[in-house]
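The structure appears below as structure tokens.
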Amino acid sequence: MTDALPLLTSRNPADPTDVLLRIPAPGAFAAVDAVERARAAQPGWLRAGAAARSAALGAVAAGIEAAADELAGLAVREVGKPIAEARAEVARTAAIWRYYAQAPFEPTGAVHETAAGAGLLLTRRRPHGVAGLITPWNFPFAIPTWKAAPALATGNTVVLKPAPEATACALRLAEIVKAAVPEGVFTVLPGGATEGNALVSAADVVSFTGSTPVGRAVARAATARGIPAQAEMGGLNAALVLPDADIGQAAAHIAASIAGYAGQKCTATSRVVAVGAALDPLREALSEALRTLPVGDPADPATVCGPLVHEHARDRVVEAARGLSVLAGGTVPDRAGWFAAPTLVEKVSPGHRLLREEVFGPVASLLAADDLAHAIRITNSVPYGLVTSVHTADLNTALHGLDLLDTGMIRINAPSTGVDFHLPFGGAKESGHGSREQGTAALEFYTSGRTYTLAPAGPAA
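Quick note on the UniProt record's numbering: the sequence shown kicks off at 1 and runs consecutively.
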């Protein structure tokens with residue numbers, strides 16, 4: 001007699017009594033079986049050619065657009081994403097599929113001259129085989145897409161293991177993708193750690209987005225097998241505000257980056273570093289921006305900050321701010337669902353968890369710096385290095401920031417949140433492992449290079 005498999009349950013964060021899905025986890029053997037079926041389908045998918053793969057990805061984009069309202073509503077209900085952001089994510093998802101639909105026609109190598117004599121030297125990139133993708137819940141359509149689309153475009157097949165909290169979104173995405181590709185080319189594997197571990201143990205290339213501890217474990221397991229792996233992990237992102245900045249604009253950008261989608265983005269701002277005379281006006285402007293930021297039902301188009309995804313995620317935000325000097329928020333709204341008010345604190349001691357750990361909620365610390373060099377030291381002092389925003393009117397300051405900040409992405413006079421899907425995405429230090437995602441960098445990650453030498457069979461006639 002075997003133990004029953006655990007149940008996967010997905011609830012509406014704004015109304016936890018609303019259960020979207022409750023299914024048994026498939027288990028490790030199901031993960032291995034999914035990879036085997038994907039591996040059997042991969043040669044045919046590659047042989048189908050560039051035109052077939054391009055058409056398939058274009059059809060997925062069209063399917064996403066046709067179901068846009070439904071998908072946005074599902075993201076609101078399953079992960080609590082405010083409807084305005086959910087609609088934007090769905091539109092971005094379709095755009096990513098359309099962008100990578102052109103990739104199969106891109107050159108995959110080059111022709112080189114021989115060092116001596118007749119012949120040709122060629123380089124060519126080829127797919128790894130089966131891509132095992134492990135994705136979080138916070139961008140339930142966009143992150144699976146920015147991993148799966150380049151993998152499929154380059155001739156790999158895909159097994160996607162979504163976070164349990166976004167299972168319904170992933171299964172609906174799979175219906176759209178599977179309508180455009182042959183059997184076995186794209187599979188969604190619901191589950192948790194058991195299924196994720198099994199996928200990493202069987203796939204030919206692995207891409208992960210999630211927490212730093214799990215990302216490290218994925219990278220170690222993949223490295224031990226000798227397969228390529230990338231992991232996009234935590235962030236403790238800073239916003240630097242110089243005295244010459246437009247304080248009102250900076251406060252608006254930073255408030256949205258702290259509390260938009262309840263701060264549940266790896267690119268959210270969690271540290272605000274005010275330089276010199278910027279401190280007092282920024283304290284006032286940012287506190288007011290957070291106090292007036294709309295919090296509530298994610299289905300309301302006016303809402304910016306919806307619920308946290310879990311009760312324990314909400315409690316983590318409240319606990320992190322406990323005992324600190326609170327400038328805004330620090331409370332739990334009196335309503336059903338897992339909500340927390342956008343929170344700004346100051347006078348935080350250097351060893352406090354808010355300055356060492358990613359809380360993943362609508363809370364940030366206001367810190368003071370004497371000058372730009374001090375602000376950069378503060379920013380670089382944490383183990384993470386995903387993204388930094390710098391708010392200034394001075395080009396010299398911006399250029400120093402570009403050179404000295406130890407983060408993978410730097411945004412000048414822009415929120416820390418926001419991604420351009422045609423550019424590389426990733427971080428430094430404990431924020432990332434392996435090569436970058438998105439843009440042409442993703443096409444390189446999902447392929448390996450080969451060098452061919454073509455020599456004459458005999459002397460020229």
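Idealized CB from N, CA, C, for every residue including glycine.
*Going straight from the alpha carbon of A41 to that of P182, what length do you get?*
Here residue 41 corresponds to residue number 41 of the sequence shown, with the count starting at 1. Here residue 182 corresponds to residue number 182 of the sequence shown, with the count starting at 1. One C-alpha to the other measures close to 8 Å.
*Is the CB-CB distance between P362 and P342 below 7 Å?*
Within the sequence shown, residue 362 is the residue found at index 362, counting from 1. Within the sequence shown, residue 342 is the residue found at index 342, counting from 1. Yes, they are a contact pair.
*For G296, which of F29, A51, R37, P82 has the nearest alpha-carbon?*
Locating residue 296 in the sequence shown gives position 296, counting from the first residue. Ranking F29, A51, R37, P82 by Cα distance to G296 puts P82 first.
*Are the stretch 192 to 200 and the stretch 110 to 123 in contact at 8 Å, needing three or more beta carbon pairs?*
no
*Extent of the continuous alpha helix (DSSP H) run through Q249*: As a position in the sequence shown, residue 249 is number 249, starting the count at 1. 247 to 259 is the span of the alpha helix (DSSP H), which, as asked, contains Q249.
*Report the rounded CA-to-CA distance for T440 versus A180, giving the unit in angstroms.*
Sequence index remark: in the sequence shown, residue 440 carries index 440 (1-based). Sequence index remark: in the sequence shown, residue 180 carries index 180 (1-based). Their Cα atoms are separated by approximately 23 Å.
*Using the Cα positions of A51 and F29, report the straight-line distance between them to the nearest angstrom.*
The sequence position of residue 51 within the sequence shown is 51, counting from 1. The sequence position of residue 29 within the sequence shown is 29, counting from 1. Using only the alpha carbons, I get a separation of about 34 Å.
*Can you give the beta carbon distance from E430 to P459, rounded, assuming they're within the 8 Å contact cut?*
For the purposes of this step, residue 430 is taken as the residue at position 430 of the sequence shown. For the purposes of this step, residue 459 is taken as the residue at position 459 of the sequence shown. No, E430 and P459 are not in contact; Cβ-Cβ is about 59 Å, not under 8 Å.
*State the Cα-Cα distance for the pair I227 and V218, rounded to the nearest angstrom.*
As a position in the sequence shown, residue 227 is number 227, starting the count at 1. As a position in the sequence shown, residue 218 is number 218, starting the count at 1. Answer to the nearest angstrom: the Cα atoms are 11 Å apart.
_Beta-carbon gap between G434 and L386 smaller than 7 Å_ = Walking along the sequence shown from the start, residue 434 turns up at place 434. Walking along the sequence shown from the start, residue 386 turns up at place 386. Result no, Cβ atoms of G434 and L386 do not sit closer than 7 Å.
*Residues near L5 by beta carbon distance below 8 Å, same chain, minus five either side*: Taking the sequence shown and counting its residues from 1, one reaches residue 5 at position 5. Result list for L5: P24, A25, P26, G27, in chain order.
*Take R98 and list the residues in its own chain whose beta-carbon comes closer than 6 Å to its own, dropping the five residues that flank it on each side.*
Residue 98 sits at position 98 when you count from the first residue of the sequence shown. Excluding positions up to five away in sequence, the list reads A61.
*For P144, does the count of other Cβ atoms within 10 angstroms reach 16, so buried, or fall short, so exposed?*
Translated into the one-based positions of the sequence shown, residue 144 becomes position 144. Buried, since its Cβ has 16 or more Cβ neighbours within 10 Å.
*C-alpha distance - T167 paired with E175, whole-angstrom precision*: For the purposes of this step, residue 167 is taken as the residue at position 167 of the sequence shown. For the purposes of this step, residue 175 is taken as the residue at position 175 of the sequence shown. Straight-line Cα distance between these residues: approximately 13 Å.
_Does the structure place the stretch 100 to 118 close enough to the stretch 140 to 160 that three or more beta carbon pairs sit under 8 Å?_
yes
*What is the DSSP secondary structure of Q102, counted as helix, strand or coil?*
Start at 1 with the first residue of the sequence shown, and residue 102 comes out as number 102. Three-state result, Q102: coil.
_Bridge partners for I410 per DSSP, in chain order?_
As a working note, residue 410 is residue 410 in the sequence shown. Paired residues: T388.
*Just to confirm, are V273 and L367 a CB contact at a threshold of 7 Å?*
Here residue 273 refers to the residue found at position 273 when the sequence shown is read from its first residue. Here residue 367 refers to the residue found at position 367 when the sequence shown is read from its first residue. Closer than 7 Å, so yes.
*Separation of V304 from Y261, as counted between CA atoms*: Numbered from its first residue, the sequence shown carries residue 261 at position 261. Numbered from its first residue, the sequence shown carries residue 304 at position 304. Each residue's alpha carbon lies about 6 Å from the other.
*By DSSP, does S10 sit in helix, in strand, or in coil?*
Working through the sequence shown from its first residue, we reach residue 10 at position 10. Correct three-state label for S10: strand.
*Under the three-state reduction of DSSP, which class applies to V19: helix, strand or coil?*
Taking the first residue of the sequence shown as 1, we reach residue 19 at position 19. Strand.
*Name the DSSP beta bridge partners of K429, please?*
Here residue 429 refers to the residue found at position 429 of the sequence shown. The partner list for K429 (beta bridge, DSSP) reads Y384.
*Unbroken beta strand (DSSP E) runs of length 3 or more, entirely within the stretch 329 to 396: which are they?*
343 to 346, 363 to 369, 387 to 391
*Answer yes or no: do G337 and A84 have a C-beta to C-beta separation smaller than 7 Å?*
Sequence index remark: in the sequence shown, residue 337 carries index 337 (1-based). Sequence index remark: in the sequence shown, residue 84 carries index 84 (1-based). Not a contact, by the Cβ cut-off of 7 Å.
_Tell me whether the stretch 369 to 380 and the stretch 204 to 220 touch, counting them as touching only if at least three CB pairs, one residue from each stretch, are closer than 8 Å._
no
_Using 7 Å as the threshold, is the C-beta distance between T407 and T388 below it?_
Within the sequence shown, the letter at position 407 stands for residue 407. Within the sequence shown, the letter at position 388 stands for residue 388. Cβ distance < 7 Å, so T407 and T388 count as in contact.
*Use the C-beta contact count for R77: other C-beta atoms within 10 angstroms, 16 or more gives buried, fewer gives exposed.*
Here residue 77 refers to the residue found at position 77 when the sequence shown is read from its first residue. Buried.
*Return the CA-CA distance between A289 and A278, expressed in angstroms with no decimal places.*
Numbered from its first residue, the sequence shown carries residue 289 at position 289. Numbered from its first residue, the sequence shown carries residue 278 at position 278. In a straight line, the C-alpha of A289 is about 16 Å away from that of A278.
*Using the Cα positions of A313 and S257, report the straight-line distance between them to the nearest angstrom.*
By 1-based counting over the sequence shown, the position of residue 313 is 313. By 1-based counting over the sequence shown, the position of residue 257 is 257. Whole-angstrom Cα-Cα distance: 18 Å.
*Straight-line gap, D33 to R172 (C-alpha atoms, nearest Å)*: Position 33 of the sequence shown holds residue 33. Position 172 of the sequence shown holds residue 172. Rounded to whole angstroms, D33 to R172 spans 21 Å at the Cα level.
*Can you have a look at M1 and say buried or exposed, based on whether 16 or more other CB atoms are within 10 angstroms of its CB?*
Your numbering for residue 1 matches position 1 in the sequence shown. For M1, the pLDDT reaches just 38, beneath the cut-off of 50, and the residue's location in the model is therefore unreliable, although a value from the coordinates is still provided. By the 10 Å Cβ count, M1 comes out exposed.
_The beta strand (DSSP E) that contains L120, what's its start and end?_
As a working note, residue 120 is residue 120 in the sequence shown. First-last of the beta strand (DSSP E) with L120: 120 to 127.
_Inter-residue Cα distance where the pair is L293 and G215_ = Here the question's residue 293 lines up with position 293 in the sequence shown. Here the question's residue 215 lines up with position 215 in the sequence shown. So the two alpha carbons sit approximately 33 Å from each other.
*Just mark Y452 as buried or exposed, buried being the case when its beta carbon has 16 or more other beta carbons within 10 Å.*
Locating residue 452 in the sequence shown gives position 452, counting from the first residue. Burial call: exposed.
*Put C305 into one of helix, strand or coil per three-state DSSP.*
If you number the sequence shown from 1, residue 305 lands on position 305. Three-state DSSP puts C305 in a strand.
_For P456 and A231, the rounded distance between their alpha carbons_ = If you number the sequence shown from 1, residue 231 lands on position 231. If you number the sequence shown from 1, residue 456 lands on position 456. Using only the alpha carbons, I get a separation of about 44 Å.
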